[in-house]
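This report refers to the structure that appears directly beneath it.
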Amino acid sequence: MTSALKPRWATPDLHAAIKDHYDGLIELYEDLWGEHIHHGYWADGEPDPGRHAAQVRLVEELISFAPVPRGARVLDAGCGIGASSAHLASTLGCDVDGITISEEQIRRAETKAAEAGVSDRTAFRLMDAMHTDYPEGSFDVVWALESCELMPDKKAFLAECFRVLKPGGTLLVATWCARDDKLTSDESRLLDRIYRDFVVSHVLPLDQYRDLAGGLGFEDVRTVDWSGQVQDTWKLSTDIVKPVVRDPSMIWKLVRAKGMDIFRFLNSVPLMKQAYERDVMRYGVLRATRPL
Ligand code: SAH
Numbered sequence: 092m093t094s095a096l097k098p099r100w101a102t103p104d105l106h107a108a109i110k111d112h113y114d115g116l117i118e119l120y121e122d123l124w125g126e127h128i129h130h131g132y133w134a135d136g137e138p139d140p141g142r143h144a145a146q147v148r149l150v151e152e153l154i155s156f157a158p159v160p161r162g163a164r165v166l167d168a169g170c171g172i173g174a175s176s177a178h179l180a181s182t183l184g185c186d187v188d189g190i191t192i193s194e195e196q197i198r199r200a201e202t203k204a205a206e207a208g209v210s211d212r213t214a215f216r217l218m219d220a221m222h223t224d225y226p227e228g229s230f231d232v233v234w235a236l237e238s239c240e241l242m243p244d245k246k247a248f249l250a251e252c253f254r255v256l257k258p259g260g261t262l263l264v265a266t267w268c269a270r271d272d273k274l275t276s277d278e279s280r281l282l283d284r285i286y287r288d289f290v291v292s293h294v295l296p297l298d299q300y301r302d303l304a305g306g307l308g309f310e311d312v313r314t315v316d317w318s319g320q321v322q323d324t325w326k327l328s329t330d331i332v333k334p335v336v337r338d339p340s341m342i343w344k345l346v347r348a349k350g351m352d353i354f355r356f357l358n359s360v361p362l363m364k365q366a367y368e369r370d371v372m373r374y375g376v377l378r379a380t381r382p383l
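Take 92 as the starting number for the sequence shown in the numbering used here and just add one per residue.
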């Protein structure tokens, strides 16, 4: 297997780096990226709704694909600052537990949920999604939006999802994927730079996720590749980043506040764009059911 399809770090080092990344860059993400820390979705042939609306559209497309039933009890595994949790709570009346390994994200998610009036339907906790303390069969839906690529042990993560789902419950995973397991050394190097800048463990081809889920006993496993629908995220994001780079006062403010991480952050955007253009990275979505 291509070396880039294996964990890049030992798990404790990765988790320390993830905490550092998301704690340290929390405002930068929110200012530049918005509250949804994930790709947008641009439907073929429709007018561009703008980046933030495209991110909400992705969430709505995922809700339909899963599907997420009204009033479901949901685990938002790798919840960021809780944008999906709040959306599921407010639009579908779901009861959502969001977990993340960044304390700053928990604080911010709680504040934002209060502002959105969904504190009674959401709870945010510091927890590793590969080993949670939830009793078996706790949730109707496990929702993992762009967090699986950060998990070093994909099988442990999917097995934990299976365990905490109720029989008949639904797993939804949207994650960065590799095209296949036959990447050239140049392509592997590109992925490795992305792993470093986004503190990603590693990506896998979508069919490997399907096999893993099937092997764990999930039923009705369905996958879809949305690379074509999401890759404009990076086109637009490059446009966002350019003015920041060109405005020295903004950049110095950011460097003072965030140190050199800001350069990595800005540099990583063209890398993602390139990864899609060269068909090294793809965007995969998987839904599966825990059998009754
Ligand atoms: N799903 C959110 C955030 C995506 S960013 C959104 O779409 O807005 C990735 C998130 O995964 C971060 O919140 C990070 O802390 C979390 N994460 C990474 N590894 C994790 C782990 N092992 N357990 C729980 N959360 C994890």
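We put the beta carbon where it would ideally sit given N, CA and C, even for glycine.
Environment of residue i [buried if 16+ CB atoms lie within 10 Å]
i, result
"T275", "exposed"
"D104", "exposed"
"D288", "buried"
"R313", "exposed"
"S94", "exposed"
"W325", "buried"
"R369", "exposed"
"P138", "exposed"
"V420", "Because the chain spans 92 through 383 in this model, residue 420 falls outside it and cannot be assessed."
"A157", "buried"
"E126", "buried"
"R381", "buried"
"R99", "buried"
"A168", "buried"
Residue j beta carbon less than 8 Å from that of residue i
i, j, result
"Y374", "W317", "yes"
"F309", "L236", "no"
"D186", "R212", "yes"
"L183", "R164", "no"
"F253", "M221", "no"
"V233", "L256", "yes"
"T223", "E195", "no"
"D272", "L96", "yes"
"I172", "E121", "yes"
"V360", "L149", "no"
"E278", "V371", "yes"
"Y225", "V264", "no"
"K246", "L303", "yes"
Rounded straight-line distance, which links the Cα of residue j to that of residue i
i, j, result
"E152", "G319", "14 Å"
"Y132", "R142", "9 Å"
"C170", "I190", "6 Å"
"A204", "A177", "6 Å"
"D188", "R199", "15 Å"
"R270", "V294", "10 Å"
"S292", "S238", "10 Å"
"C268", "F356", "20 Å"
"L281", "L116", "23 Å"
"F354", "T266", "24 Å"
"S229", "S181", "21 Å"
"D323", "G136", "13 Å"
"A174", "A145", "14 Å"
"R378", "W343", "44 Å"
"L123", "L307", "38 Å"
"L119", "V159", "31 Å"
"R337", "I128", "24 Å"
"H112", "A134", "31 Å"
"P140", "S340", "30 Å"
"H130", "V147", "9 Å"
"D114", "I197", "10 Å"
Chain-order list of residues whose beta-carbon lies under 6 Å from that of residue i (same chain, five-residue window excluded)
i, result
"L362", "R284 and I285"
"E201", "F215"
"L383", "P258 and G259"
"D315", "For the record, residue 315 in the displayed sequence is Val; it is not Asp. Excluding positions up to five away in sequence, the list reads V376."
"V209", "A177, A180 and S181"
"T102", "P243"
Sequence-distant residues of the same chain with beta carbon closer than 8 Å to residue i, five excluded per side
i, result
"I109", "I192, S193, L241 and V290"
"N358", "D288"
Spatial neighbours of residue i in its chain, beta-carbon cut-off 7 Å, leaving aside the 5 residues before and after
i, result
"G305", "V312"
"H106", "I192"
"D219", "I192"
"A207", "A177 and S181"
Next on the checklist: Give the list of continuous alpha helix (DSSP H) stretches no shorter than 4 residues that lie fully inside the segment 131–155.
Outcome noted: Counting only runs of 4 or more, we get nothing.
Next on the checklist: My parser needs the beta strand (DSSP E) runs of 3 or more residues fully inside the segment 256–328; what are they?
Outcome noted: Secondary structure in the segment 256–328: the beta strand (DSSP E) runs of 3 residues or longer, each lying completely within the stretch, are 256–269 and 310–316 in chain order.
Next on the checklist: Which runs of the beta strand (DSSP E) at least 3 residues long sit entirely within the segment 173–214? Give them in chain order.
Outcome noted: Whole beta strand (DSSP E) segments, 3+ residues: 186–191.
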